[in-house]
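Below is one structure, written out as structure tokens, with a few remarks after it.
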Amino acid sequence: MPPLISQLELIMRQLLSEHATLLKAMALQEAALKSMNLDAIDRATRDVESVRNNIAQLETRRRQTTVQIQRQSRHGSTLTLLKLAELNPDRKLMLLQLRTELIAIINQVRDRARQLGKITAGVLGHLNAAVRIVADAASGPGTYDRPGVTQMSRRVGILNAVG
Numbered sequence: 098m099p100p101l102i103s104q105l106e107l108i109m110r111q112l113l114s115e116h117a118t119l120l121k122a123m124a125l126q127e128a129a130l131k132s133m134n135l136d137a138i139d140r141a142t143r144d145v146e147s148v149r150n151n152i153a154q155l156e157t158r159r160r161q162t163t164v165q166i167q168r169q170s171r172h173g174s175t176l177t178l179l180k181l182a183e184l185n186p187d188r189k190l191m192l193l194q195l196r197t198e199l200i201a202i203i204n205q206v207r208d209r210a211r212q213l214g215k216i217t218a219g220v221l222g223h224l225n226a227a228v229r230i231v232a233d234a235a236s237g238p239g240t241y242d243r244p245g246v247t248q249m250s251r252r253v254g255i256l257n258a259v260g
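Dropping the structure here:
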């Protein structure tokens, strides 16, 4: 087996492992967001970003390895994993299996990220409402109308609420 193909397989296995780690970190981040524990949110966010940086580095290595294989095989067009599998029939099954697993776990990460985005939007919405109420209360009297209902000020932007 050519050494670059084995290196590519190793990188893909590492990508699978990092994506699994990312899913676990995202689950912890979701739990922290739901519990509104600021320390846990901060810790989980740092963990997710660290894993994402690792994935980006591995993806760069994977692309570089693919370019090296392309140059070595003197293949004119861009090599996809499917083409690489066709060029290396002895490793075809393993390459295609790794590709399938990677696609599946990337889809799971995408779905979890979408779910986390919705939860984060809800948390920021609650924070925005709290900041508006505190800002109205701090501005002095006159925050209630005649029936006793609180008059809300304009909506505070997300960056103002968080920052």
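The numbering used here applies: residue 98 is where the sequence shown begins, and numbers increase by one.
Glycine included, C-beta positions come from ideal geometry on N, C-alpha and C.
Because the structure is a prediction, the values reported are computed rather than measured.
Check	Outcome
Local conformation of glycine 260 per DSSP, three classes	Confidence in glycine 260 is poor, its pLDDT being 44 and thus under 50, which makes the residue's placement unreliable; the coordinate value appears in the next sentence. DSSP places glycine 260 in coil when its eight states are reduced to three.
8 Å Cβ shell around valine 206 - same chain, five flanking residues per side excluded	His116, Leu119, Leu120, Met123
Three-state class that DSSP yields for arginine 188 in the structure shown	helix
Rounded straight-line distance, which links the Cα of serine 132 to that of arginine 196	36 Å
Segment limits, alpha helix (DSSP H) that includes leucine 101	100–132
Residues near leucine 176 in its chain [Cβ-Cβ closer than 7 Å; skip 5 each side]	Thr163, Ile166, Gln167
Contact check, threonine 142 vs glutamine 126, beta carbons under 8 Å	yes
Straight-line Cα distance separating leucine 130 from leucine 181	42 Å
Outcome for alanine 218 when other beta-carbon atoms lying within 10 angstroms are tallied against a minimum of 16	exposed
For glycine 219, three-class secondary structure by DSSP	helix
Backbone CA spacing between proline 100 and threonine 157 [nearest angstrom]	18 Å
Serine 174 - containing alpha helix (DSSP H), residue span	Segment: none, serine 174 is in no alpha helix (DSSP H) and carries neither H nor E.
Test item: CB-CB of serine 174 and leucine 184 under 8 Å	no
Arginine 160, buried or exposed, once every other Cβ within 10 Å from all chains shown has been counted against 16	exposed
Contact set for valine 220: own chain, Cβ-Cβ below 8 Å, skip 5 residues either direction	Leu130, Met133
With 16 other Cβ atoms within 10 Å as the buried cut-off, status of valine 231	exposed
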